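For reference, the structure is listed below as structure tokens.
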Amino acid sequence: MPPNSIKRPRRSWVVWEEGGQYPDLIIELLSPATAQVDHTLKKTLYAEAEATQARLQAQQAEDRAAHLAKQLKALGIDLEE
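Residue numbers (the working numbering): 25 to 105.
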């Protein structure tokens, strides 16, 4: 880390700012407006990058957080710790 820099929580991952490296885990929350791109272009990009991926189908808004927590727990990530 450069001197005098402040380490802040990461809100997003920008591949081209990370030297072309994808994150280890990519989670897509699908919506009807983006589902076609998510199931085609993004799926291909992630496969080529050999990224670990969990994909969630479109759901009612109130169910998304609970579903995401369940999926993450299945991957060994517990949000309640």
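C-beta atoms are modelled at their ideal positions from N, C-alpha and C, and glycine is treated no differently.
Just so we're clear, the structure is a prediction, and the values are computed from it rather than from any experiment.
Distance between beta carbons of residue j and residue i, contact taken as under 8 Å
{"i": "D62", "j": "E52", "result": "5 Å"}
{"i": "Q45", "j": "V39", "result": "7 Å"}
Collapsed DSSP secondary structure at residue i in the structure displayed
{"i": "L99", "result": "coil"}
{"i": "L54", "result": "coil"}
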